[in-house]
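Undergrad: Going left to right, the sequence shown walks through residues -26 to -1, 1 to 217 as mature numbering (1 follows the signal peptide of the UniProt record, and there is no 0) numbers them. Cβ coordinates follow ideal geometry from the N, Cα and C atoms, glycine included. Starting off with a structure, shown below.
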Amino acid sequence: MAIKVLRPVLLAAAAVLVLSTGLAVGADTTADDAYAAGSPAPIPAPAEKTVSPVGALFANGGHFCSASVVHSGTGDLVLTAAHCVRNGMSFAPGYHDGVAPLGMWPVTGTTVAEGWTSSADPDLDFAFLTVQQPGNPASLESLTGANALGVNRGFDHRITLTGYPDTTDSPVVCDGTTTRSDTYQMQVACPGFPDGTSGGPWVTGGEVIGVIGGYRLGGDTPDVSYSAYFDDDIAKLYATATG
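Below, the structure written as structure tokens:
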């Protein structure tokens, strides 16, 4: 329970995920239709977006990390922890009770800081994922909405923290207060965030200002979580991901 995600990091091009047959996708969709789920739609008003931008990352038939949609011009960008990046990932926004209401969105590209790739710098434990659902011309953000990326916002905030434990098919949510734990690290005391919650967003005022990760890949216990501080480093990475 000491590390929010225990599997090794594999930085490589994403492949299409083959789902286990037990996964339900939407009310009328089978697992075989996972990648075709969702339908073209104009960008609706925020009140019409009923699927959460927070979701679970899947690979090898199960979910292993958490992630969330972050605003971008193309509407296809997802934010998670760098230590979550691996082969064959797909994102399921709004995943709950074994249901992926918008189906699976395969990861087609990853953007990770060089300092993480070379030395696993905990102050750079964040990554952007580009997603696309085959056969669906609608952008992910047009269906879920998105949080804006909050950069250099300081260390003390009241946030909502969301993540998907490995052992459950629904998210855990906590409202907590962040504090500074190191020069470029934040922490929050929220009970019940074990393995699998890595990459879960720290949201305040419509902005995501952190993700579970950083110090000891997110923390030693399920009751205190960490994040790398979002400063100019993540702003540069975002520019690369959206450039």
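What does the alpha-carbon distance come out to for the pair D149 and T136?
TA: For D149 and T136, the distance between alpha carbons rounds to 9 Å.
Undergrad: Over what stretch of residues does the alpha helix (DSSP H) that includes residue 233 continue unbroken?
TA: Since the first residue of the chain shown is -26 and the last is 217, residue 233 is not available in this structure.
Undergrad: Exposed or buried, which one is N126 when buried takes at least 16 other CB atoms within 10 Å?
TA: N126 is exposed by the Cβ-count criterion.
Undergrad: Give me, in chain order, the residues of the same chain whose beta-carbon lies closer than 6 Å to that of H131; leave out the 5 immediate sequence neighbours on both sides.
TA: Closer than 6 Å at the Cβ level, and outside the excluded window around H131, lie T152 and T178.
Undergrad: If you compare alpha carbons, which of N34, A30, K23 and H45 is closest to P145?
TA: Taking only the C-alpha atoms, the option nearest P145 is A30.
Undergrad: Helix, strand or coil for P196, going by three-state DSSP, please let me know.
TA: Note: P196 maps to coil in three-state DSSP.
Undergrad: Could you give the C-beta distance for T84 and Y138, rounded to a whole number, given that I count them as a contact under 8 Å?
TA: That pair is no contact at about 19 Å.
Undergrad: Quick test of your reading: E160 and Y200, contact by CB under 8 Å. State the CB separation rounded to the nearest angstrom.
TA: As written in the sequence, residue 160 is Met, which differs from the Glu given in the question. M160 to Y200, Cβ: 7 Å. Contact.
Undergrad: Does the stretch 186 to 193 touch the stretch 110 to 123, meaning 3 or more C-beta pairs lie closer than 8 Å?
TA: At 8 Å Cβ cutoff, the stretches do not touch.
Undergrad: Are the stretch 48 to 56 and the stretch 92 to 104 touching, with three or more C-beta to C-beta distances below 8 Å?
TA: Yes, since at least three Cβ pairs between the stretch 48 to 56 and the stretch 92 to 104 fall closer than 8 Å, the two stretches touch.
Undergrad: Contact check, P175 vs D197 under 8 Å by CB: the rounded distance?
TA: That belief does not hold up - the Cβ atoms of P175 and D197 are roughly 18 Å apart, past 8 Å.
Undergrad: How should P75 be labelled, buried or exposed, when 16 other C-beta atoms within 10 angstroms of its C-beta is the threshold for buried?
TA: Counting Cβ neighbours within 10 Å, P75 comes out buried, since at least 16 surround it.
Undergrad: Among all the DSSP beta bridges, which residues are the ones paired with H37?
TA: Bridge partners of H37: F32.
Undergrad: Return the first residue and the last residue of the beta strand (DSSP E) that T82 is part of.
TA: It spans W79 to V86 - the beta strand (DSSP E) in which T82 sits, taken as one unbroken run.
Undergrad: Measure how close the beta-carbons of S46 and T216 come, nearest whole angstrom, since I'm counting them as under 8 Å.
TA: Right, their Cβ atoms sit about 5 Å apart.
Undergrad: From which residue to which residue does the beta strand (DSSP E) around L103 run?
TA: First-last of the beta strand (DSSP E) with L103: A101 to V105.
Undergrad: Grab me the residues of D71's own chain with a C-beta within less than 7 Å of its C-beta, minus the 5 sequence neighbours each way, in chain order.
TA: Around D71: D143 and S144.
Undergrad: With DSSP as the reference, label D2 as helix, strand or coil.
TA: Confidence in D2 is poor, its pLDDT being 31 and thus under 50, which makes the residue's placement unreliable; the coordinate value appears in the next sentence. Correct three-state label for D2: coil.
Undergrad: Which residue comes first and which comes last in the beta strand (DSSP E) that contains S116?
TA: From DSSP, S116 is part of no beta strand (DSSP E) but of the alpha helix (DSSP H) over L114 to T118.
Undergrad: Please name the residue, chosen from T91, N61, V81 and L98, that lies closest to A209 on a Cα-to-Cα basis.
TA: Comparing Cα-Cα distances from A209 to each of T91, N61, V81 and L98, the minimum goes to L98.
Undergrad: Please go through the same chain and pick out, in chain order, the residues whose beta-carbon is closer than 6 Å to the beta-carbon of G89, but skip the five residues on each side of it.
TA: For G89, where only same-chain residues beyond five positions count, the Cβ hits under 6 Å are D95 and L98.
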